[in-house]
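As you go down the protein sequences, you meet chains A and B in turn.
Numbering-wise, the numbering used here puts 338 at position 338 of the first sequence, and it's gapless, one number per residue.
In the numbering used here, each residue carries its 1-based index in the second sequence increased by 1000.
Before any comments, here is the structure.
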Amino acid sequence: MHNTSDIHIEDLSKIEGHTNLDIGIKGDKVTSVKLRISENKRFYTQAIRGLTIDEIPSLVSRICGTCSISHMTCAIEALETALGVEPSEQTLVLRNLSMNGTILRDHAMHLYLFCLPDIIGTDSVLDFGPKDMRIVERGLAVKKAANNLATLVAGRAVHAIYPKLGGFTQAPEEAKANRLVKEMKYVRDNVFDALDLFLGSDYELECSARDVAMVNDDFNFVKGSIMTSDGQAIQDDEFQDHLHRVVLPYSQATGFEFQGKEYKVGALPRINLNEKSLHKDTRKDAAKHLKPFPSKNIYHNNLAQAIEMLHCIDNSIELLESSDFKDESPLMPKGKSGAGVGVIEAPRGTLYYELIVKDSRIHDGTLVIPTAQNQVNMERDIRKLVEEDLSRGTDRHTMEHDIEKLIRAYDPCMSCASHFLKVRWKQEQ
Amino acid sequence: MAGRAVGKRKKLRIGWFTFTCCEGCATVFVELMNDHFKEWREQIDFRHCRILKSKNDMRGMDLAIVEGAIASKDDVDKLKTIRRNAKRVMIVGSCAINGMPAALRNNFDAKKMKEIQPILRKFGHLPKVEPVVKFIKVDSQVPGCPMSDKMFLAELGGYLAEFGVKSAPGE
Ligand code: SF4
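Set out below in structure tokens:
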């Protein structure tokens, strides 16, 4: 038998950040799976304490480059709840648009640059032949449109400048908004390459962990109620009662459980729980891609991401065409102290911020990051995959590649979770 | 093999390395690919780029691009190995250049320091988060948080010229 030693993968590629993986094996059984996030902590939880409320949004943006607008938006929401600010209708539209831009750009990066080589069967997009390169180029055009959307609405796609507590400092210019609608309409068709490829993929791993995601009636990523696949609703300010921190001594990040059990967040849970609220054009044109949902197959997370890309385009076109943006100044907070929770759907799942403010400074804060919520479940799925591979006598090299594909399906972000991968196989006698 | 010169044309051998940071500068780099991917595939041999490939090799780089601050002993060792393997090193973003914003903990008061001390010790962190120049000589830098995309393109263009890789205008 060739499957007799432990597995150790170092610094997994094509994901956000650094992580290592240690797997202990005894015969056909996996004795331990440790996803050791090796990203050096930057101690944001401590750093925010004592800072003024105005400093927070742009600081927490620096937790993670690729989803920076999510951190910013969630922190702003928490501060507004704490200090009694009701954002204007236009602000809500701008937040939806900037999150559409973030999700579209992030999913495009993940699907076209990180996951596509797994489907095509090469190590990297750099190895693609002309035919597959065409898909990448069409994908990059989608990514560019997303970047342009975030830039138009938020000033920049990475570390945005317009979003503030109480509103946006600048409204999108009409001419630019019109140009963007054209660009979105032009690239929309490109998304079907990804939709068809990920629908056609035969990777399968059943993951029974429950889904947790925001549910609302227009599939926006900013406002709604948090629901679970077994029909529970969680109030924003009660999330701490349901989500429990699990300390992982081998990792620079912590994990989470929901009422004592692992759960998952991200595009798959969102589509599973809220498919009916997708934009009508998305539902119509991606009808066959939506057939597999609700799905327990974790690889369908990538198909779900492609569907969300289409939705972000359709929803943004509609919002841009129906809005008449005018200049507004951000609203001033009414109070100086209070506690508030912000909950949004970031590209990789539900993001929670609880901020306690005293005299316009942060007294204390808790952040719950999507990747940390998926970690316990990810480890469980890796165990299942390796045991299936061991029973089939899969060779070590294929097995390691299978593990990497699985982890990439989850689209973890280690910059956020602290930051990703080494697998170390540890053999027990 | 990937990254070998097409025909007789020479390529710039580069590596991208991420230390302690938010990877926002890498995100800007990935966004620049929207417009430059085609030409870079012809001009650049990506020897080491974890976000694009798993088979990475840092030997014989013309240019190493480094983002992030230096926070642990492992960071320092890796940084020095990169310097030994690269003819030129360019640092990008304010984390690499002056440590911030990754170096938030350098300004923590005693109470906050006490809280984080066990983690610093357990994972071999340095007493302070440091900029890259503290440990190695660098050849150029691109400021900004995130790095300025225009200045990055200008710098990269300079290295393409320096190493005799002809950019193909109009492509
Ligand atoms: S300089 Fe800014 S954008 Fe670049 S890695 Fe550091 S925090 Fe992120």
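All C-beta atoms, glycine included, are put in the ideal place defined by N, C-alpha and C.
Predicted, not measured: the structure shown is a model, and the values here were computed from it.
For alanine 286 of chain A, the CB contacts under 7 Å within the same chain, skipping 5 residues up- and downstream, are Leu195, Ile307 and Leu310 in chain order. Approximately 30 Å separates the beta-carbon atoms of glycine 1157 of chain B and glutamate 1130 of chain B; this is outside 8 Å, ruling out the contact. Contact note: methionine 1033 of chain B reaches chain A through Leu140, using a C-beta cutoff of 7 Å and chain order. In the three-state DSSP reduction, aspartate 1045 of chain B falls in the strand class (E or B). For the 7 Å CB-CB criterion, valine 153 of chain A and leucine 331 of chain A do not form a contact.
Between proline 1146 of chain B and valine 158 of chain A, the CB-CB gap stays under 7 Å. For the region 1101 to 1132 of chain B, residues whose beta-carbon sits nearer than 7 Å to a beta-carbon of chain A comprise Pro1101, Ala1102, Leu1104, Arg1105, Phe1108, Lys1112, Glu1115, Ile1116, Ile1119, Phe1123 and His1125. By the Cβ neighbour-count rule, aspartate 211 of chain A is buried, with 16 or more other Cβ atoms within 10 Å of its own. Interface criterion not met: the Cβ of cysteine 312 of chain A is under 7 Å from no Cβ in chain B. The way I'd put it, the region 119 to 130 of chain A doesn't touch the region 87 to 102 of chain A; fewer than three beta-carbon pairs between them come closer than 8 Å.
Here the C-alpha atom of proline 1143 of chain B lies approximately 44 Å from the C-alpha atom of threonine 228 of chain A. Using a CB distance cut-off of 7 Å, leucine 126 of chain A counts as an interface residue toward chain B. Secondary structure note for isoleucine 25 of chain A: its beta strand (DSSP E) is the uninterrupted segment 19 to 26. In this structure, A:Phe325 is the residue among A:Asn374, A:Gly24 and A:Phe325 with its C-alpha nearest to the C-alpha of alanine 175 of chain A. Chain-order list of chain B residues neighbouring asparagine 147 of chain A: Glu1031 and Asn1034, by C-beta distance under 7 Å. For the 7 Å CB-CB criterion, leucine 79 of chain A and leucine 165 of chain A form a contact.
Linking lysine 144 of chain A to lysine 1055 of chain B through their CA atoms gives a straight-line distance of about 27 Å. Taking 7 Å as the CB threshold, alanine 1064 of chain B stays off the interface with chain A.
When C-alpha distances from alanine 1096 of chain B are compared across B:Ile1119, B:Lys1137 and B:Lys1087, the shortest belongs to B:Lys1137.
As computed with DSSP, glycine 1144 of chain B is found in a beta bridge with B:Met1147. Within chain A, the residues whose beta carbon sits less than 8 Å from that of alanine 1026 of chain B are Gly65, listed in sequence order. Residue A:Pro370 holds the alpha-carbon nearest to the alpha-carbon of arginine 348 of chain A among A:Leu83, A:Pro370 and A:Arg361. Residue environment: serine 98 of chain A is assigned as buried (16 or more neighbouring CB atoms within 10 Å of its CB, all protein chains considered). The three-state reading of DSSP puts leucine 331 of chain A in coil, since its state is none of H, G, I, E or B. Aspartate 402 of chain A and alanine 171 of chain A have their C-alpha atoms roughly 46 Å apart. When CB distances to chain B are screened at a threshold of 8 Å, the residues of the region 29 to 44 of chain A falling below it are Glu39, Asn40, Lys41, Arg42, Phe43 and Tyr44, in chain order.
Restricting attention to beta strand (DSSP E) runs no shorter than 3 residues, the region 168 to 240 of chain A encloses them at 210 to 215 and 225 to 228, ordered along the chain.
When 7 Å is used as the limit between beta carbons, aspartate 193 of chain A is near no residue of chain B, the shortest such separation being about 16 Å. The C-beta of valine 158 of chain A comes closer than 7 Å to at least one C-beta of chain B. By the Cβ rule, the region 130 to 138 of chain A does not count as touching the region 28 to 45 of chain A, because fewer than three pairs are nearer than 8 Å. At least one C-beta of chain A is nearer than 7 Å to the C-beta of proline 1146 of chain B. In the DSSP assignment, the residues bridged to isoleucine 356 of chain A are A:Ala339 and A:Asp364.
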